[in-house]
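Asks: Residue 1 is where the sequence shown starts when you use our numbering, and the numbers rise one by one after that. All C-beta atoms in this analysis are idealised placements derived from N, C-alpha and C, irrespective of residue type, glycine included. Here's a structure for you.
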Amino acid sequence: MRVDRKTRLEKAHNLILQRKPQTLKDAIILIMIEIGVSERCAREYLKVLEAQGVIKSNLDGSIEYPSGSS
């Protein structure tokens, strides 16, 4: 059975409200898990984005875009 985009978005939103992630990084991982990505793959993907300079993780777990990236 195919689940439409709105239903997946609502499920991800509810999951975030239930789990109350402490950081944006944790919220992104929860959303990725909800759309079918394993937790390990989601964490690895965020590491790849960081290594490529697309995102920058701060010590407090927050994520920012380095200056010059869009």
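(1) For Leu-15, I'd like the list of residues in its chain whose CB is within less than 6 angstroms of its CB, leaving aside the five on either flank, ordered along the chain.
(2) Helix, strand or coil for Ile-63, going by three-state DSSP, please let me know.
(3) At what residues does the alpha helix (DSSP H) containing Asp-26 begin and finish?
(4) Would you mind reading off the limits of the alpha helix (DSSP H) that contains Ile-16?
(5) Opposite Lys-56 in the DSSP bridges: which residues?
Replies: Reading off the structure:
(1) Mapped onto the sequence shown, residue 15 falls at position 15. The residues are Leu-30, Glu-34.
(2) Start at 1 with the first residue of the sequence shown, and residue 63 comes out as number 63. Strand, per DSSP.
(3) By 1-based counting over the sequence shown, the position of residue 26 is 26. It spans 24-34 - the alpha helix (DSSP H) in which Asp-26 sits, taken as one unbroken run.
(4) For the purposes of this step, residue 16 is taken as residue 16 along the sequence shown, with counting starting at 1. Going by DSSP, Ile-16 is part of the alpha helix (DSSP H) stretching over 5-19.
(5) In the sequence shown, the residue the question calls residue 56 occupies position 56. Note: Lys-56 sits in a beta bridge opposite Glu-64.
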